[in-house]
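For reference, the structure discussed in these notes is given below.
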């Protein structure tokens, strides 16, 4: 077991290194320059654009050969130095340390929201198969899967913040993270981000429950006269939950780098999604590479954790 | 719920005000007439306008200087009529009669955070050891260069005494004084620690949290959460607030929004104090009793540049053809339909708000009587082009006998620019010219269309590589927003002079070069003479039409009505430290 | 699990699947809407006005039955004149801030969305099938290399990569399609691989091997047809993701500025949420119904191909 984990870890590091290298090369080999954004401003102040461009690129070492830049960056990274973000003028480590919490709280709440409601409604639909409740749940799940989260976010802002005035139109960072106001203002973003996941879990839970309900051991349990609650809760759900873990874990990767990214932009939440988005436009490669790397490690870690949870939940599985 | 939100805010404000009231009772008995300071002034800004660094000497963007300006006054600024308002200056800068020596006298009550005085030495150090240094590569060093016998040399600063220093030039440049007014010092006692090490200087904590600014600005740095907000706290020591207790806001906040729609909704809800308002929303906001909207002139305008280089349509190299095209484009319609009236027709690179603007000399193409499609077509015929009938449409034929098809490149994203390009396409279609509008992202526009080099050479591409150079991709017109400094419009020589660094459209005219030269020489010292030369320059450029100036933009600024002390105008922020809630 | 039959099993099988599909009413609804979209995507532009045609006299027209106000400012007097604007029958869904007809733009958007959806999915599924089958069939180190590569691609933060490449190389439909296609094959590759592995051990494959059939022949004549139902279902269910990705990209301002897609309309719409709500609402609704239809249809297909599913 331990050798398996070590093997997986080494493997993860290699994947992360590959992704980091690809990102770095893409950003540094592209034709864009960090100076692009300022051309007009520089020109409006009567400066020679070329000399300013050279000066800025020299200051951040962007004029060196790409291999040298790459080796310098790698060397710094191995020493734990994430580099300097020239578009926000602070160290990348500081930047991430300040902003991660905004992404994290959003993703965490959305995931909890999706799991609790998704699994709950899924169970309900399965138990009440072929009733109105079941059909309603099914329609709801189709809607949830199909609705574009960023558009839903816009609509929620338009209706609940602009027209009804129930919420602020933007995310207010003056409220402490641990406050009711913060929870309240996260309601709409969590809804916009979580609804797709919720619908997915609902559908999955329902079909997994139905599959298991047909199994022999359920019939046996029922025949033994166990109360329905025990049958559903202990036998059916437990078996259905196992593959659900994979799905949730797998989804988390796409939530971190897809939905959350857009939700942050729509609602103006200053999380890592917005940070990396702006960094791409500013050609601030150190930030982009760092955020990509963190996301990658997160996904890899989640994959590993999933495997380990599997062995715990299902003793039949052994990795050797 | 909306009510609860507002209540919450006012509760917050009241409690702060109560605390402040106690403080003020204790401290400002002498200034009993001064308004009490309270509340947070929250300015809305749209993402993309955020500053890059507070270490301003490294900045290339415009916002960074603005962000620092709240904590650090420059030597002087201007009111809405462009009168000089002294800030760190004790008296106005004295210029020697030959225009070569500038004597600057600063106030004697300026302090750094450690209590030490800001002296002339700090200014001269900042110039000599930082801005002019090789290791730091200050982006705007060209402002401080002069051309002596073909060599670029820096001007010479020298300390006279604690509060006086001089700057000596070898050549006369009457508009150099406006560069001087903007000067801001670095604290020598801190900067010496990092001198020579650009990495250390870039990362220096003091420079990135502005903890050195002492009593130099109305506010002190408090917090900067990127993509979200920049928070400044009232500086009770502010040197201009000694007698009047200014500034009157406890906090000044710049809050970033993703879209202007959300930002304006926040203004409407009272969550922010001030933001710009889009033309289509002005009427709605003017009706609200809690919002005051000021319509003010700006320094901005929109232009179409005609590509006069070898890879543009050959017709564009003729003055008459450019005039004909500009004549067909109706500027009043653009001002009304696209800017909803918040713009006026433009004819010159000098904004109409500038003291150097001369309405009499410019050729007013694009408004009646010089907005005439028939006449434009006649001019094209006179220039040697023929028309072909196609149904009821006239189609302009090029020298090769084929219909003329022009390519207009522009960037997507700005609603005004997008709408304008489409309207111009319609206007030119009416004189038989088919325009294809192509939207490309900014970096592509720069690299493929604006940068140029002589074909067959492997020179680095630049924005102006001489008259023989062309861009990689062929183009005919481009549309973009511009702005000119109303006080020193000769900065626009980068676009219109033959050696101008951004003359990517290839306009080469010796007389224009000469006038720019003269304005920046002894001849320009006399203000009347300079005004005459600007008038002549504006006439020449408006007649030559290397670019079509479309409209000067008006801005709408919406404030909560309880903000008092605002003087609406082009530089309405000049006295912001005196604004207050009532 | 797919029902395994030798290839070219004839028309009867298709009829059987069709019958099963027809029993699922939602999937027929979905299919009908998709066909309707295809029709307006192909023929709509012939009848509808040019979606890029601007007319400032009719800008910001609300949909039929709604009204808004517009004011024009007079610099000389400082006064504004306000007019109430009602929706017009010529522009039943209204116009945007440039006076472009919303209906025409939505039709153009249908075309773009379907085009991007089909092309990118086509590339992804083709690559995925190829890599999956190749990997399963060759086994050994080749299998290992291909699957590790798939792992890397799977771990890559897809949307970030998309934004990065499109920003760097400039937004054009071709680049968007290529990037989505070239990065979206991993799921298909894994699934097809595992499915192929299970099919490979079946008797008829062993039999043809014994008869001396070449690897390529076995791959193309036996394996791919046998996983084809799986491929169809995967393709149908991955189209909505692609359409959403394109819309999201255009929404954040990285859409092809030369074409009108639902995402680009949404991008302009978000800036006028407070004044012209219909510009943001309408393309979103189209997007939603399109994605919903593909999900209905894909779901129905899966059940139809799945012999165990009770319909």
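Protein chains in written order, with the numbering used here: chain F, 71 to 390; chain P, 2 to 583; chain B, 1273 to 1583. For each residue, glycine too, the CB sits at the ideal point set by N, CA and C. Keep in mind that this is a model prediction, so the values were computed, not measured.
Asked, Found
"Residue 1544 of chain B: contacting residues in chain P (beta-carbon distance under 8 Å)", "262 and 281"
"Whole-number beta carbon distance between residue 103 of chain F and residue 127 of chain F, since they are thought to touch under 8 Å", "7 Å"
"Rounded separation between residue 362 of chain P and residue 536 of chain P - CA only", "6 Å"
"Short CB-CB distance (under 8 Å) between residue 100 of chain F and chain B", "yes"
"Cβ-Cβ distance between residue 271 of chain P and residue 561 of chain P below 8 Å", "yes"
"Beta-carbon spacing of residue 267 of chain F, residue 181 of chain F below 8 Å", "yes"
"CB contact check: residue 265 of chain F to chain A, cutoff 8 Å", "In the structure shown, chain A cannot be found, because the protein chains are F, P and B."
"Sufficient close CB pairs (3 or more, under 8 Å) joining the region 457-464 of chain P to the region 1445-1465 of chain B", "no"
"Proximal residues, the region 131-160 of chain F versus chain P, C-beta separation under 8 Å", "154, 156, 157, 158, 159 and 160"
"Limits of the unbroken beta strand (DSSP E) element including residue 346 of chain P", "344-346"
"Rounded straight-line distance, which links the Cα of residue 421 of chain P to that of residue 1559 of chain B", "29 Å"
"Contiguous alpha helix (DSSP H) assignments of at least 4 residues, all confined to the region 1507-1547 of chain B", "1534-1543"
"8 Å Cβ cutoff, residue 1292 of chain B in contact with chain F", "no"
"Between the CA atoms of residue 155 of chain P and residue 181 of chain P - distance to the nearest angstrom", "14 Å"
"Under 9 Å from the C-beta of residue 255 of chain F: neighbouring residues of chain P", "Simply none; closest approach about 10 Å."
"Rounded distance between the beta-carbons of residue 552 of chain P and residue 346 of chain P, thought under 8 Å", "6 Å"
"Classification of residue 159 of chain P by the beta-carbon crowding that lies within 10 angstroms, buried from 16 upward", "exposed"
"Contacts that residue 446 of chain P makes with chain B (C-beta to C-beta distance below 8 Å)", "Near residue 446 of chain P there are no residues of chain B at all, since even the closest Cβ is about 10 Å away, more than 8 Å."
"Inter-residue CB distance, residue 164 of chain P and residue 127 of chain P (contact presumed, cutoff 8 Å)", "15 Å between Cβ atoms; not a contact."
"Spatial neighbours of residue 1544 of chain B in its chain, beta-carbon cut-off 7 Å, leaving aside the 5 residues before and after", "1369 and 1551"
"Beta-carbon spacing of residue 87 of chain P, residue 93 of chain P below 8 Å", "yes"
"Runs of beta strand (DSSP E) wholly within the region 348-398 of chain P (minimum 3 residues, chain order)", "387-391 and 394-398"
"For residue 1478 of chain B, three-class secondary structure by DSSP", "helix"
"Residue range of the beta strand (DSSP E) that includes residue 550 of chain P", "548-561"
"Beta-carbon spacing of residue 531 of chain P, residue 175 of chain P below 8 Å", "yes"
"Counted within 10 angstroms of its Cβ, other Cβ atoms place residue 205 of chain F as buried (16 or more) or exposed", "exposed"
"Residue 317 of chain F in three-state terms, based on DSSP", "helix"
"Interface flag, residue 1555 of chain B vs chain P, CB-CB below 8 Å", "no"
"Same chain, Cβ closer than 7 Å to residue 1 of chain P, neighbours up to 5 away in sequence not counted", "The first residue shown for chain P is 2 and the last is 583, placing residue 1 of chain P beyond what the model contains."
"Buried/exposed call for residue 1488 of chain B, threshold 16 Cβ in 10 Å", "exposed"
"Residue 178 of chain F classed as buried or exposed, judged by whether at least 16 other C-beta atoms fall within 10 angstroms", "exposed"
"Alpha-carbon spacing of residue 328 of chain F relative to residue 83 of chain P, whole angstroms", "50 Å"
"Contact the region 1392-1405 of chain B vs the region 1331-1341 of chain B: 3+ CB pairs below 8 Å", "no"
"Which residues DSSP lists as bridging residue 478 of chain P, in chain order", "P:307 and P:409"
"Neighbour list for residue 404 of chain P in chain B, Cβ cutoff strictly below 9 Å", "Within 9 Å Cβ-Cβ: nothing; residue 404 of chain P doesn't reach chain B, min ~19 Å."
"Residue 82 of chain F, buried or exposed, once every other Cβ within 10 Å from all chains shown has been counted against 16", "buried"
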